[in-house]
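Residue numbers (the working numbering), protein chains in the order written: chain F, 667 to 981; chain B, 1033 to 1297.
Even for Gly, the Cβ is constructed at its ideal location relative to N, Cα and C.
First up is the structure itself, then whatever we jot down about it.
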């Protein structure tokens, strides 16, 4: 029996059916599992850890932010479920909290900008040139990251009224009387936050990722060194620089130890305020609300960080 | 890029100046310790400050810090080694996302999650407050990205063919990993462990907020500062802590400089 092509196409051959695999959801799940179970097992400790130490406490914090506190027996403040926005209203209307939020973000922004601007030339120099004393320079940028606590105490000695910075400024006749930079004034903290450490290393690796060819091309066509740097190198390393900015900014927003030790326990930084709400005042709901605000700021930063890192690039 | 010679010299001087400014506080601690004087052009040399430290309590806290650091380094190895291996050698959906998600502990401030943990632990599980294992677990959070990145960096430098060869010759995946890959990445692993160790040995925020039962060395110094301000003998305490903790790291930095660079590249 002969069939025309059209008739043949209409017949439902078994082989034809198997071309379109009918796989149920359960089968697909099983297949995915058999491909991925070992990877999942390898990642399980990390994911579990992140969940218990980070995600769950954060959820609790968000829940607590909507609580109220209640005085029991005139001795104990106990959080009580309320589910209103009272704490957030308080955070944005009470001038004390409002100032603290503005102060934290403002100082973080100013110091981070200074930090990145100071870091750019050094990072470029370390990435491209033969440097005299490279080991010492690199080590000095690495030390404060891992030994921040030493540097903070050391800074407290270096910035006292009798210390070397004041001595130097007096000798140069820039000031008449020693400035008090630590203890109660925030100047020491601001100086320290503006100094580039981590940012130099991050930006350096961003600059290393920029191919020399582009710079050479710009220079052959007659651009000056400065112009090459600002119009070719910096735009090409933009993602790395933005990433460094966000990391340093989030570090400055979340700085706790530096203000505590250098500016005294009653400073205006939001992190310290949160801690004060917990420790002497037992106002857990308010502390949680302020914590949620700070977390929200960091979440915005993290979102931008994701954007700078996700879409590839050399960063 | 061609820089004129004066420009290069100026840039180098700038780099050295910045380095000096970052190193100088550390030198200041040495100076204060050995002069027992907080005035800058030192008026005399004296070791009095060394005598004023309460050594037994201080050494106790130093010992506790090192114990905590060791525990944290172990926790970090358990968490980060398998994760770094999966992220470097396996292809799976969400890998790019995960490699950014591990930066969560650095982007979100330590104060935030540790005070969140404090609030809910103190309210519901008050018997856990200040427990050693709780402090160790929370301290292990911050260094995760650095440790994972450094292990990943050393894994990337090792050719997977050696492991595949072992697998083809009939070794089980676990055996191949333990006998082939681990020895190859050993220097990187040591560096990674040292990063976790240092971060934990110098940690202040987590034990302070969680109210650690025993003080770590940074907490001990902080309490002294709270009572006394900044007398010269606190510089001695900082110096001793620095020599003990950073000494290890500085030696390892020079020994394994190549792996250390890998973290940020």
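Residues of chain F whose Cβ lies closer than 7 Å to the Cβ of residue 1231 of chain B are, in chain order, 812. Around the beta carbon of residue 1173 of chain B, 16 or more other beta carbons sit within 10 angstroms, so the residue counts as buried. Boundaries of the beta strand (DSSP E) around residue 743 of chain F: 742-747. In terms of beta-carbon proximity, residue 730 of chain F lines the interface with chain B, with at least one pair separated by less than 8 Å. Under the Cβ criterion of 8 Å, residue 1276 of chain B is not counted among the residues facing chain F.
With a beta-carbon spacing of about 35 Å, residue 809 of chain F and residue 1210 of chain B fall beyond the 8 Å limit used to define contacts. For residue 1082 of chain B, no Cβ of chain F is located within less than 8 Å of the residue's own Cβ. For residue 820 of chain F, the chain B residues whose C-beta falls within less than 7 Å of its own C-beta are 1057, 1058, 1060, 1061, 1270, listed in chain order.
Secondary structure note for residue 1242 of chain B: its alpha helix (DSSP H) is the uninterrupted segment 1237-1242. Residue nearest to residue 825 of chain F within the set B:1038, B:1064, B:1046 is B:1064 (criterion: CA-CA distance). Our two residues, residue 961 of chain F and residue 883 of chain F, have alpha carbons roughly 45 Å apart in a direct line. Listed along chain B, no residue sits closer than 8 Å to residue 742 of chain F by beta-carbon distance, the nearest being about 12 Å off.
The beta-carbon separation of residue 1239 of chain B and residue 1248 of chain B, rounded to 5 Å, stays under the 8 Å limit for a contact. Taking the C-beta atoms as reference points, residue 1060 of chain B is found nearer than 8 Å to residue 830 of chain F. Cβ contact annotation for residue 1277 of chain B (same chain, cutoff 7 Å, sequence separation greater than five): 1230, 1233, 1234, in chain order.
Taking the beta carbon of residue 941 of chain F as reference, the chain B residues within 8 Å of it are 1143, 1147, 1241, listed in sequence order.
Close partners of residue 1136 of chain B in chain F (Cβ separation under 8 Å): 716, 720, 968. With three or more CB-CB distances shorter than 8 Å, the segment 1132-1149 of chain B counts as touching the segment 913-925 of chain F. Interface flag for residue 763 of chain F against chain B is unset, since no Cβ pair is found closer than 8 Å. For the segment 695-708 of chain F, the set of positions with a beta-carbon nearer than 9 Å to some beta-carbon of chain B reads 701, 702, 704, 705, 706, 707, 708 in chain order.
In the structure shown, residue 1196 of chain B adopts helical secondary structure according to DSSP, grouped into three states. For residue 1234 of chain B, a Cβ of chain F is located within less than 8 Å of the residue's own Cβ. If you look at residue 812 of chain F, you'll find it in the alpha helix (DSSP H) that goes 800-812. At least one CB of chain F lies nearer than 8 Å to the CB of residue 1114 of chain B.
A distance below 7 Å between beta-carbons, with the five flanking residues on each side excluded, links residue 1085 of chain B to the following residues of its chain, in chain order: 1265, 1268, 1269. Straight through space, the alpha carbons of residue 1236 of chain B and residue 856 of chain F are spaced by roughly 20 Å. Excluding residues up to 5 positions away in sequence, 1233, 1248, 1249 lie with their Cβ nearer than 6 Å to the Cβ of residue 1097 of chain B in the same chain. Beta-bridge pairing by DSSP links residue 734 of chain F to F:746.
The alpha-carbon separation between residue 878 of chain F and residue 1272 of chain B amounts to approximately 45 Å.
For residue 1109 of chain B, the enclosing alpha helix (DSSP H) begins and ends at 1087-1121. Put simply, the CB of residue 1164 of chain B is far from chain F, with every gap to its CB atoms at 8 Å or more. Considering only B:1212, B:1044, B:1075, B:1041, the residue with the shortest C-alpha distance to residue 828 of chain F is B:1075.
Taking CB atoms only, residue 920 of chain F has a neighbour in chain B less than 8 Å away.
In this structure, DSSP gives residue 701 of chain F a helical state, which the three-state scheme calls helix. Residue 797 of chain F: not part of any alpha helix (DSSP H); DSSP gives it neither H nor E. For residue 1101 of chain B, the CB contacts under 7 Å within the same chain, skipping 5 residues up- and downstream, are 1229, 1232, 1233 in chain order.
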